[in-house]
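Residue numbers (this note's numbering), protein chains in the order written: chain W, 4 to 227; chain S, 4 to 227. We put the CB at the ideal spot given by N, CA and C, even for glycine. One structure is given below, encoded as structure tokens.
Protein chains: 2
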Amino acid sequence: MPPEKRRPQRPLVPALQQRRREGEVVQAAIEVFWAKGYTAATIQDVADKLGMLKGSLYYYIDSKEHLLVKIFQLINRDAAAILQEAAAQQAPPLDRLHWFVRTYLEYFFARYELMSLYFTEWSHLTGEYRSEVLAQRAEFEVVVRDLIRQAQADGTVPADLDDRHAAFFILSAVNSVATWYRREGHDTPEIIAASYARMATGLLVGAGIVAGPAVPDAGARRTG
Amino acid sequence: MPPEKRRPQRPLVPALQQRRREGEVVQAAIEVFWAKGYTAATIQDVADKLGMLKGSLYYYIDSKEHLLVKIFQLINRDAAAILQEAAAQQAPPLDRLHWFVRTYLEYFFARYELMSLYFTEWSHLTGEYRSEVLAQRAEFEVVVRDLIRQAQADGTVPADLDDRHAAFFILSAVNSVATWYRREGHDTPEIIAASYARMATGLLVGAGIVAGPAVPDAGARRTG
DNA sequence: GTCTATAACTGGATAGAC
DNA sequence: GTCTATCCAGTTATAGAC
Chain W
4 MPPEKRRPQR
14 PLVPALQQRR
24 REGEVVQAAI
34 EVFWAKGYTA
44 ATIQDVADKL
54 GMLKGSLYYY
64 IDSKEHLLVK
74 IFQLINRDAA
84 AILQEAAAQQ
94 APPLDRLHWF
104 VRTYLEYFFA
114 RYELMSLYFT
124 EWSHLTGEYR
134 SEVLAQRAEF
144 EVVVRDLIRQ
154 AQADGTVPAD
164 LDDRHAAFFI
174 LSAVNSVATW
184 YRREGHDTPE
194 IIAASYARMA
204 TGLLVGAGIV
214 AGPAVPDAGA
224 RRTG
Chain S
4 MPPEKRRPQR
14 PLVPALQQRR
24 REGEVVQAAI
34 EVFWAKGYTA
44 ATIQDVADKL
54 GMLKGSLYYY
64 IDSKEHLLVK
74 IFQLINRDAA
84 AILQEAAAQQ
94 APPLDRLHWF
104 VRTYLEYFFA
114 RYELMSLYFT
124 EWSHLTGEYR
134 SEVLAQRAEF
144 EVVVRDLIRQ
154 AQADGTVPAD
164 LDDRHAAFFI
174 LSAVNSVATW
184 YRREGHDTPE
194 IIAASYARMA
204 TGLLVGAGIV
214 AGPAVPDAGA
224 RRTG
């Protein structure tokens with residue numbers, strides 16, 4: 004039996020301006036992760052950029068994974084604000100959905116490196132950290148589903164369309180722009196955002212047009 | 004100079020049934036990665052399941068990452084076949100797109116664990132391996148874009164819709180089903196596949212309806 | 001109280017013996 | 001084809017400098 008060891012107790016009220024170095028650590032991590040990718044990047048790389056030994060970094064972070072979480076926290080607040088505003092507006096549901104997709108994507112492009120890091124590396128998170136990300140996504144799903152249901156209630160969108168599927172379809176597409184968007188591309192952020200908003204709403208109203216008939220059982224397999 | 008040592012030379016034409024153990028290695032890896040996730044899973048876990056030491060595994064693989072690649076190769080051939088068939092059919096472009104989305108998703112659900120592993124863990128790949136995955140995705144994009152352009156040519160889909168954006172939108176949504184689908188869910192694979200195919204085609208024809216007008220500049224921010 | 005250095009442990013990977 | 005030994009990176013624990 005080891006003797007009951009005393010661990011350094013963190014004070015409940017942290018000193019006010021003591022976090023400047025912490026911000027530098029997060030900033031250095033962003034640059035390193037962006038340049039090399041999360042997996043390839045080493046804690047040593049981050050420490051080097053700060054001029055400290057890798058072991059010393061663990062005063063600021065709990066783990067390499069935690070460093071990723073600290074980066075993600077920078078955008079969580081903003082994203083939630085956009086979502087809540089879309090939910091609170093008074094315009095027709097489809098207009099609000101359109102606004103949400105467009106505004107969210109424009110924010111996305113404005114902080115592209117950060118958002119890209121989020122969507123390409125979030126899967127490295129495990130346990131509690133992963134759960135937090137999934138919980139936040141669930142909030143997005145709830146709001147978008149609600150907007151779709153409202154549009155179904157007023158007859159704009161066909162009632163037989165599965166609102167859950169539709170919400171997933173739209174959010175998946177929107178969140179995946181990080182996989183193909185590049186700053187050097189010829190499309191401006193505004194154009195892409197408007198294009199995506201158009202498709203998101205078009206999907207809902209268009210589903211009424213292609214509903215039943217467009218599900219042929221592909222009898223035409225094998226040309227000829 | 005060490006004496007020219009004779010290493011076990013692999014015959015150019017591999018003996019027919021010599022790969023059984025290799026298959027066992029891949030199968031063990033699938034089970035371990037599926038159970039614990041790629042990051043949390045250790046090479047030791049895979050070795051344990053096979054009853055060998057972790058160092059010995061490296062006779063069959065180059066790296067943990069390579070093990071993931073070997074798993075992915077199991078599905079590449081099938082996915083490419085579905086894609087090519089969609090491109091080769093004689094039906095109208097939108098019907099072919101509908102067929103592709105539905106068939107691809109049904110294949111997806113039939114091999115859910117494998118496909119899920121692919122879409123949730125592919126981002127762990129780096130360098131050459133990552134490039135291969137991206138190249139394969141590019142093929143999907145090419146075919147889907149082509150179907151969309153054909154539908155625009157015959158007037159079914161508005162010409163001012165960006166076919167590249169639309170292809171990304173659809174493929175992103177389809178490939179993301181792994182993030183929310185669960186075997187225990189109440190939706191059958193057929194229902195989801197049909198629902199997604201409907202939305203994919205609806206998006207294209209619906210874009211003509213919501214085109215210009217539905218882009219209000221959200222003057223209604225801040226309810227009140 | 002804030003920060004750094006050091007050593008030890010775990011997991012991924014390699015080389016060479018058998 | 002498998003094992004032993006060993007290396008390196010990420011991480012933890014802890015002692016202690018300022």
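Proximal residues to residue i (C-beta, below 6 Å), its chain only, five neighbours per side dropped
i                      : result
residue 67 of chain S  : 46
residue 175 of chain W : none
residue 155 of chain W : 162
residue 96 of chain W  : 150, 153 and 154
residue 164 of chain S : 210
residue 52 of chain W  : 31
residue 92 of chain S  : 99
Span of the alpha helix (DSSP H) around residue i
i                      : result
residue 107 of chain S : 96 to 113
residue 65 of chain W  : Careful: residue 65 of chain W lies outside any alpha helix (DSSP H) and carries neither H nor E.
residue 22 of chain S  : Where residue 22 of chain S is concerned, there is no enclosing alpha helix (DSSP H), given that its DSSP letter is neither H nor E.
residue 50 of chain S  : 46 to 53
Under 8 Å between C-beta atoms of residue i and residue j
i                      : j                      : result
residue 120 of chain W : residue 37 of chain W  : yes
residue 123 of chain S : residue 42 of chain W  : no
residue 29 of chain S  : residue 48 of chain S  : no
residue 205 of chain S : residue 213 of chain W : yes
Cutoff 7 Å; reference residue i; Cβ partners in own chain excluding five residues on either side
i                      : result
residue 152 of chain W : 166
residue 146 of chain W : 86, 89 and 90
residue 208 of chain S : 159 and 160
residue 32 of chain S  : 49, 70 and 74
residue 139 of chain W : 79
Option in the options with minimal Cα separation from residue i
i                      : options                       : result
residue 170 of chain S : S:158, S:184, S:144 and S:155 : S:144
residue 125 of chain W : W:212, W:159 and W:78         : W:78
residue 117 of chain W : W:25, W:212 and W:181         : W:181
residue 108 of chain W : W:93, W:81 and W:131          : W:81
residue 197 of chain W : W:87, W:102, W:76 and W:53    : W:102
residue 27 of chain W  : W:60, W:44 and W:85           : W:60
residue 112 of chain W : W:72, W:195, W:50 and W:62    : W:195
residue 188 of chain S : S:115, S:83, S:110 and S:172  : S:115
residue 201 of chain W : W:98, W:141 and W:131         : W:98
residue 157 of chain S : S:94, S:63, S:58 and S:76     : S:94
residue 133 of chain W : W:76, W:58, W:191 and W:52    : W:76
residue 173 of chain S : S:92, S:148 and S:193         : S:148
residue 54 of chain S  : S:184, S:39, S:24 and S:203   : S:24
residue 63 of chain S  : S:183, S:22 and S:191         : S:22
Cut-off 8 Å between Cβ atoms - residues of its own chain near residue i, not counting five sequence neighbours on either side
i                      : result
residue 227 of chain S : For residue 227 of chain S, the pLDDT reaches just 29, beneath the cut-off of 50, and the residue's location in the model is therefore unreliable, although a value from the coordinates is still provided. Answer for residue 227 of chain S: no residue qualifies.
residue 199 of chain W : 104, 105, 108, 176, 177 and 180
residue 56 of chain S  : 50
residue 127 of chain W : 41, 42, 68 and 71
residue 4 of chain W   : For residue 4 of chain W, the pLDDT reaches just 32, beneath the cut-off of 50, and the residue's location in the model is therefore unreliable, although a value from the coordinates is still provided. Nothing meets the Cβ criterion.
residue 83 of chain W  : 139 and 142
residue 6 of chain S   : Confidence in residue 6 of chain S is poor, its pLDDT being 36 and thus under 50, which makes the residue's placement too unreliable to answer from.
residue 136 of chain S : 75, 125 and 128
*asked:* In chain order, what are the residue ranges of uninterrupted alpha helix (DSSP H) at least 4 long that sit wholly in the stretch 120 to 196 of chain W?
replied: For the stretch 120 to 196 of chain W, whole alpha helix (DSSP H) runs of length 4 or above, ordered along the chain, are 130 to 156 and 166 to 178.
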